[in-house]
Amino acid sequence: MKNNLKVLRAERNWSQADLAEKLNVSRQTVNAIETGKYDPSLPLAFKIAQLFGIKIEEIFFPDQDK
1392 MKNNLKVLRA ERNWSQADLA EKLNVSRQTV NAIETGKYDP SLPLAFKIAQ LFGIKIEEIF
1452 FPDQDK
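Now the structure itself:
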């Protein structure tokens, strides 16, 4: 699954550590999500969307290459 989490985070001048703290996950988890190596659980995806004030579909989208 692809996402634009890195862009959203950068727009707010948050580091990966800042976002991780807000989501109560590790910085490594944020990095893995941003790079597409890890797909977040549905509860975590909802938490991310709520934090940014947008819909999940505006953050995460299918990887058309797969």
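Take the position in the sequence shown, starting the count at 1, then add 1391; the result is the number in my numbering.
Quick reminder that beta carbons are idealized off the backbone N, C-alpha and C, glycines included.
This one's a predicted model, so the numbers in the text were calculated from it and none came from an experiment.
Counting along the chain, Thr1420 sits inside the alpha helix (DSSP H) bounded by residues 1418-1425.
Note on geometry: alpha-carbon atoms of Ala1440 and Trp1405 lie some 15 Å from one another. The alpha-carbon of Ala1401 is positioned some 13 Å away from that of Asn1394.
When rounded, the separation of the alpha-carbon atoms in Arg1403 and Lys1428 is 23 Å. Residue range 1433-1443 is occupied by the alpha helix (DSSP H) that includes Ile1439.
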